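This report concerns only the one structure given below.
Protein chains: 2
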Amino acid sequence: MRALKYGVTRDHVLGLEAVLPGGEVIRAGSRCHKDVCGLDLTRLLVGSEGSLAVITEAVLKLLPLPEASASLLAGFGDLERALAGAGAVFRAGLLPSALEFMDSGVLGALEKARAKSGGEVPWPKATGACLLFKLDGSRAAVGAEIERLREALADSAPTFVKLGTDQEGEEALWDLRRMISPAMHLVAPNKSNDDVAVPRGRVAEAVARYKAIGRERGVGVYCFGHLGDGNIHVDIMYDESDPAQAEAAPQAKKEILRASVEMGGTLTGEHGVGQVKTPYLGMQLGPAERGLMARVKAAFDPSGILNPGKAL
Amino acid sequence: MRALKYGVTRDHVLGLEAVLPGGEVIRAGSRCHKDVCGLDLTRLLVGSEGSLAVITEAVLKLLPLPEASASLLAGFGDLERALAGAGAVFRAGLLPSALEFMDSGVLGALEKARAKSGGEVPWPKATGACLLFKLDGSRAAVGAEIERLREALADSAPTFVKLGTDQEGEEALWDLRRMISPAMHLVAPNKSNDDVAVPRGRVAEAVARYKAIGRERGVGVYCFGHLGDGNIHVDIMYDESDPAQAEAAPQAKKEILRASVEMGGTLTGEHGVGQVKTPYLGMQLGPAERGLMARVKAAFDPSGILNPGKAL
């Protein structure tokens with residue numbers, strides 16, 4: 023979730039030891055933060071899902087733990103206003119360490135989950151979307167930035183703002199985020215979930231398209247996730263025992279993947295390809311890219327014995 | 023210079039368009055901050071020095087410009103004390119956007135350059151090494167962190183501390199850093215320079231070894247550069263018209279490269295391999311790694327027509 027400020031995992035992998043299928047041991051990168059000697063096999067191996075070599079050692083870059091952090095949950099009348107608020111935050115020059123969003127359907131699922139456990143949600147009825155921010159850094163910075171964050175959101179007329187400035191207060195807000203996945207099962211028995219991503223400026227359009235696909239196909243589409251980097255978790259909620267819905271869910275999934283790629287996005291922001299997404303790879307990668315990836319794989323694994331049929 | 027806080031260039035390249043030698047156009051990555059669809063050809067192409075494909079388009083990740091910055095130049099009795107000071111800064115949880123060091127020889131060259139132009143250097147005579155820090159972030163953060171930085175350095179008994187808190191003040195400090203390369207020509211007519219890197223914890227040992235190599239070979243060795251990420255610029259200063267020095271300089275270079283690799287470092291932190299360093303590649307990359315890189319190159323460029331004899 024902190025990729026927005028800190029970059030993704032591969033940005034923190036400095037070096038690797040790996041074993042090629044024939045047993046040959048290679049070292050890529052080093053313990054240096056900067057190392058441009060030869061091709062960057064380190065980053066090529068990260069995220070290769072076991073298709074190139076068996077990684078046996080990793081050297082990771084560490085960052086100092088921030089001195090302080092604070093979180094802020096804000097509600098808005100609808101997702102468009104929430105996204106306008108997020109845009110104002112970036113224009114103010116703030117770089118949160120995390121920025122999550124929840125659409126109205128997700129808020130409804132959380133309301134059900136809280137009601138079931140006898141609790142309450144912090145947002146008033148008029149709330150159609152929420153943003154959850156985390157800021158971290160030196161104590162002085164966090165104190166000043168949380169005020170600038172509030173100011174930046176003011177123009178989007180938040181329905182409420184709730185601040186968490188100590189561990190307990192922050193955890194209370196992030197508990198809501200962590201409740202989403204289990205709560206979704208209260209709206210329908212079956213889930214088909216995705217982790218597509220689109221360029222940040224197209225998140226509003228993407229969510230609207232995904233929901234339209236759900237309406238057309240007759241299944242529920244719920245969106246939440248990492249707004250800051252455009253990585254959207256899309257949950258298709260349906261009832262497998264209803265033949266129409268059972269048929270519609272995989273169709274909706276396919277259309278959501280296709281729409282993501284059409285918007286300049288990707289089939290997978292963080293979870294990878296594995297077995298589930300190999301049938302869809304052709305939506306994003308053309309024959310030139312797939313041919314090249316197959317040749318690169320053959321450079322590592324000429325007999326194709328590593329994780330065959332997956333990832334590529 | 024800001025890689026310490028912000029990561030290296032390749033961490034900011036989200037997507038690329040490139041043309042393979044046969045004319046086929048490929049797209050790697052996308053406009054998304056997170057995209058793990060297939061192999062990471064984007065990072066493989068970055069830093070490949072034209073050996074794999076011709077890059078025709080790049081999508082870069084941008085960060086908000088920090089609201090404020092401040093710089094601090096501090097002198098120490100010797101390099102060991104300067105490095106102890108830098109260690110204390112990291113232990114205090116501070117992450118400067120840049121952290122440069124200059125050894126005593128470099129300070130001497132700067133003194134000569136300033137004297138020539140009728141100016142003065144800011145450090146007192148007892149100074150054997152300097153550290154130059156830059157902090158950036160929100161105004162409140164920079165103000166608080168610069169004080170914590172001063173405190174962290176106090177135990178290493180700085181010979182002086184000079185602060186730059188506005189553009190003019192900061193530039194005056196960074197002018198000294200920018201003067202280093204031209205100033206080196208005042209100590210000897212010829213220069214053979216390198217950009218080796220070692221793990222940050224071994225910079226003191228590395229500088230001591232490089233200087234010992236210079237003394238043994240009878241050429242001057244001057245060290246400065248990006249202490250924060252262990253990337254050291256090593257200038258071998260000599261007189262080409264003296265046959266003994268002309269022979270010693272390339273020997274010293276070779277020994278400095280070998281020592282860097284022995285310390286877990288790299289032949290090149292940022293400038294790459296090109297033509298100059300291909301003869302030394304075998305010091306860092308073994309036959310397994312070089313064979314693999316050659317096969318990866320062949321996957322892109324089967325006829326070997328792209329930048330032949332360079333980079334790999």
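In order, the protein sequence lines correspond to chains B and W.
According to the working numbering, the stretch in the first sequence is residues 23 to 334, in order.
According to the working numbering, the stretch in the second sequence is residues 23 to 334, in order.
Virtual Cβ for every residue (Gly too), placed ideally from N, Cα, C.
Note that the coordinates shown come from a computational prediction; the quantities given were computed from them, not determined experimentally.
**OP:** Kindly identify the DSSP beta-bridge partner or partners of THR288/B.
**Re:** ALA219/B
Subject >> chain W contact residues for GLN306/B, given Cβ-Cβ distances below 7 Å >> reply: CYS59
**OP:** In the DSSP assignment, find the alpha helix (DSSP H) that holds VAL164/B and state where it starts and stops.
**Re:** 161-176
Subject >> Top-ranked residue by Cα proximity to GLU277/W, from CYS152/W, GLU311/W, VAL241/W and GLY294/W >> reply: With distances taken between CA atoms, GLU277/W lies nearest to VAL241/W out of CYS152/W, GLU311/W, VAL241/W and GLY294/W.
Subject >> Residues within the region 253-278 of chain B neighbouring chain W, beta-carbon criterion of under 9 Å >> reply: ASN253
Original post:
How about GLY37/W and GLY51/W: do their beta carbons lie closer than 8 Å?
Top reply: A contact, by the Cβ cut-off of 8 Å.
Original post:
Would you report the Cα separation of ARG231/W and GLU262/W, rounded to the nearest angstrom?
Top reply: 23 Å
Original post:
Which chain B residues sit within Cβ distance under 8 Å of GLU311/W?
Top reply: Neighbours of GLU311/W on chain B, chain order: ILE48, ARG49, ALA50, GLY60 and LEU63.
**OP:** Give the straight-line distance between the Cα atoms of ALA177/W and GLY107/W, rounded to the nearest whole angstrom.
**Re:** Checking the sequence shown, residue 177/W turns out to be Asp, not Ala. If I take the Cα positions, the gap works out to 7 Å.
Subject >> Chain-ordered neighbours of ARG280/B on chain A, where CB pairs are closer than 9 Å >> reply: Reference to chain A is not applicable here, since the protein chains of this structure are B and W.
**OP:** Check the Cβ-Cβ distances between LYS156/B and every residue of chain W, and say whether any is below 8 Å.
**Re:** no
Subject >> Pair within 8 Å by beta-carbon distance, GLY151/B and LEU101/B >> reply: Residue 151/B is actually Ala in this sequence, not Gly. Cβ distance < 8 Å, so ALA151/B and LEU101/B count as in contact.
Original post:
So, do the region 195-204 of chain B and the region 115-134 of chain B have three or more beta carbon pairs nearer to each other than 8 Å?
Top reply: yes
Original post:
What is the DSSP secondary structure of LEU154/B, reduced to helix, strand or coil?
Top reply: strand
Subject >> Proximal residues of chain W, C-beta to C-beta of PRO118/B below 8 Å >> reply: Residues of chain W passing the Cβ test: none, with the nearest at roughly 11 Å.
Original post:
If contact means a Cβ-Cβ distance below 9 Å, which residues of the region 227-253 of chain B contact chain W?
Top reply: HIS248, GLY250, ASP251, GLY252 and ASN253
Original post:
Pick from ASP264/B, LYS275/B and ARG222/B: whose alpha carbon is nearest that of TYR244/B?
Top reply: LYS275/B
**OP:** Give every residue of the same chain whose Cβ lies closer than 8 Å to the Cβ of ASP173/W, excluding the five residues on either side of it in the sequence, and list them in chain order.
**Re:** It is Glu, not Asp, that sits at residue 173/W in the sequence shown. Result list for GLU173/W: ALA114, in chain order.
Original post:
Anyone know if the C-beta pair for ASP257/B and LYS213/B falls short of 8 Å?
Top reply: Cβ distance < 8 Å, so ASP257/B and LYS213/B count as in contact.
Original post:
Helix or strand or just coil, what does DSSP make of HIS293/B?
Top reply: coil
**OP:** Return yes when the Cβ of GLY250/B is within less than 8 Å of the Cβ of ALA120/B, no when it is not.
**Re:** yes
**OP:** List the whole-angstrom C-beta distance separating ALA321/B from MET259/B, where the pair is believed to meet the contact cut-off of C-beta under 8 Å.
**Re:** About 43 Å separates the two Cβ atoms, so there is no contact after all.
Original post:
What are the partner residues of ASP257/W, as DSSP defines its beta bridges?
Top reply: Answer is ASN215/W and TYR244/W, bridged to ASP257/W.
**OP:** Tell me, to the nearest whole angstrom, how far the beta carbon of ASN329/W is from that of SER73/W; I am working on the premise that it is less than 8 Å.
**Re:** 5 Å
**OP:** Could you tell me whether the Cβ of ASP349/W comes closer than 8 Å to any Cβ of chain B?
**Re:** Residue 349/W lies beyond the range of chain W shown here (23 to 334); nothing can be said about it.
Original post:
At what residues does the beta strand (DSSP E) containing ILE48/W begin and finish?
Top reply: 47-51
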